[in-house]
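The structure under discussion appears below in the form of structure tokens.
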Amino acid sequence: MAELEGALSKTTGKHRVALDWFHENKGDIIAWSDIQEFSSDHSRLVNQAKGIYKPGYSDYALSLRTIQNGPYPDKDVEYRPDGSWALHYFQENPNPDQRDREATNRGLMKCLEDQVPVGALVKRKPKPGVAYEVLGLGLVTKWEHGFFTIEGFSDSGGVHDAEQPDATRLRATNGTNHETFDAENDQDLREKTLTHVAIRRGQAAFRAALLEAYGGKCCVTGCTLKDALEAAHIAPYRGDHSHHVQNGLLFRSDIHTLFDLGLLVITEGYRVKLSHAALEDDGYVNLEGKQLLLPDDRTHYPSQDALDRHRKWAGV
Numbered sequence: 051m052a053e054l055e056g057a058l059s060k061t062t063g064k065h066r067v068a069l070d071w072f073h074e075n076k077g078d079i080i081a082w083s084d085i086q087e088f089s090s091d092h093s094r095l096v097n098q099a100k101g102i103y104k105p106g107y108s109d110y111a112l113s114l115r116t117i118q119n120g121p122y123p124d125k126d127v128e129y130r131p132d133g134s135w136a137l138h139y140f141q142e143n144p145n146p147d148q149r150d151r152e153a154t155n156r157g158l159m160k161c162l163e164d165q166v167p168v169g170a171l172v173k174r175k176p177k178p179g180v181a182y183e184v185l186g187l188g189l190v191t192k193w194e195h196g197f198f199t200i201e202g203f204s205d206s207g208g209v210h211d212a213e214q215p216d217a218t219r220l221r222a223t224n225g226t227n228h229e230t231f232d233a234e235n236d237q238d239l240r241e242k243t244l245t246h247v248a249i250r251r252g253q254a255a256f257r258a259a260l261l262e263a264y265g266g267k268c269c270v271t272g273c274t275l276k277d278a279l280e281a282a283h284i285a286p287y288r289g290d291h292s293h294h295v296q297n298g299l300l301f302r303s304d305i306h307t308l309f310d311l312g313l314l315v316i317t318e319g320y321r322v323k324l325s326h327a328a329l330e331d332d333g334y335v336n337l338e339g340k341q342l343l344l345p346d347d348r349t350h351y352p353s354q355d356a357l358d359r360h361r362k363w364a365g366v
């Protein structure tokens, strides 16, 4: 943990208290109300009005939060098996040439200059009951064309170099590309294609394993129409190791959506429990309390720990 501890040692007081919170809650789904409560009682964690929080008491930015698939061109988080992650985050101010007009951007640039860590959050649950995934702590390793690259610390406290292949692939994933197209330089396109192939292959194998484990039936409705069945991750996808049968459920597509939105959860007894909103829909109310259709092989049963974490996140 030497690299992480060295980076944290550059901060003190309220700043250090807040960064310690991001480290201690890494990987957890935290309700927005709990984030606000900690901010009120101990040290402010985020800026409610802006995605980047730069405290008035410091030259450094403290945290950033992103809404994946939101109105900004932030790219998807890339998770790695060692617990590290990478995030490509667009600056405040749509014009890259005006970066330094914003104190928030200057704060992130100061973090880049002095290698002071920042905390990161990703919105995972919409209203009501907004909740964020805590990515943990990372270092700002690069700014280019309006994007900050943030490399998260691994479970062992190390951090990737921004120019290693993982970060390169990240820059080739979905998002706004401000570079001029060069037909002769197709390296990014090739990397993007290879990345998508790897993800597609992994997802296909994951779905095939769940189809076999659950006998080709939606574990909630019993639907056997193969084209309507989807492989759902219980714990968020964090790389190939997430494609484990015990981290999956075979759902009809609409049930998958309810599960991902936290409108449907699975209890300790493997029974369906619906949110208040879902209970008001006549099309789903009959699913309340329904016993899950489980695999014949008990070693393929869904992880109770992962289901508990999902249920806690959903608040149902």
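Just add 50 to wherever you are in the sequence shown, counting from 1, and you've got the numbering used here.
For glycine and all other residues, C-beta sits at the position ideal for the given N, C-alpha and C.
Predicted, not measured: the structure shown is a model, and the values here were computed from it.
| Check | Outcome |
| --- | --- |
| Taking the runs of the beta strand (DSSP E) that are 3 residues or longer, which of them lie wholly in the stretch 70-104? | 79-81 |
| Quick check: what's the CA-CA separation for F256 versus A281? | 7 Å |
| For L311, which of helix, strand or coil comes out of DSSP? | coil |
| Using the Cβ count rule (16 or more neighbours within 10 Å means buried), how would you classify E318? | exposed |
| Under 9 Å, do I85 and Y182 count as touching if we go by C-beta distance? | yes |
| For a test of the three-state rule: what should DSSP assign to H350, helix, strand or coil? | helix |
| When the Cα atoms are used, what is the spatial distance from G169 to T271? | 40 Å |
| Which residue's Cα is closest to the Cα of G312: Q148, H283 and L260? | H283 |
| Could you name the residues of the same chain whose beta carbon sits closer than 6 Å to that of G56, not counting the 5 residues immediately before and after it, in chain order? | none |
| Quick check on the burial criterion: 16 or more other C-beta atoms within 10 angstroms. Buried or exposed for K76? | buried |
| Scan the stretch 314-339 and note each continuous beta strand (DSSP E) run of 3 residues or more that stays entirely inside, going in chain order. | 314-316 and 322-324 |
| Any contact between the stretch 171-179 and the stretch 191-208? By contact I mean 3 or more CB pairs, one from each, below 8 Å. | no |
| Could you check the C-alpha separation between L244 and F88 for me, to the nearest Å? | With a pLDDT of only 44 at L244, under the threshold of 50, the placement of this residue in the model should not be trusted, and no figure is reported. |
| Run the proximity test for A281: is its beta-carbon closer than 8 Å to any non-hydrogen atom belonging to the ligand MG? | As for the ligand MG, it is missing from this structure, which has no ligand bound. |
| By DSSP, does K60 sit in helix, in strand, or in coil? | coil |
| If you drop the 5 nearest sequence neighbours on each side, which residues of the same chain put their C-beta closer than 6 Å to that of K64? | S93 |
| If you draw a straight line from the alpha carbon of E163 to that of V127, how long is it in whole angstroms? | 23 Å |
| Tell me whether N145 is buried or exposed, calling it buried when 16 or more other Cβ atoms sit within 10 Å of its Cβ. | exposed |
| Distance check for H138 and H294, CA to CA, integer angstroms please. | 27 Å |
| If the criterion is Cβ atoms closer than 9 Å, does the pair S204 and R130 meet it? | yes |
| Is Q296 helix, strand or coil when you go by DSSP? | helix |
| Where A356 and V96 are concerned, what is the direct C-alpha to C-alpha distance, given to the nearest angstrom? | 27 Å |
| Suppose you measure from the CA of A68 to the CA of R151; what does that come to, to the nearest Å? | 26 Å |
| So, under 8 Å CB-CB, D315 and A285 are touching, yes? Tell me the CB distance rounded to an integer number of Å. | Rather than Asp, the amino acid found at residue 315 in this sequence is Val. Going by Cβ atoms, the distance from V315 to A285 rounds to 13 Å, so no, they are not a contact pair. |
| Under a Cβ-count criterion, where at least 16 other Cβ atoms within 10 Å of its own Cβ denotes burial, should H210 be classed as buried or exposed? | buried |
| Determine the DSSP secondary structure at S113, reduced to helix, strand or coil. | strand |
| Taking E201 as part of the alpha helix (DSSP H), name the residues at either end of that continuous run. | Taken as a continuous stretch (DSSP letters only), E201 belongs to no alpha helix (DSSP H), being part of the beta strand (DSSP E) at F197 to G202. |
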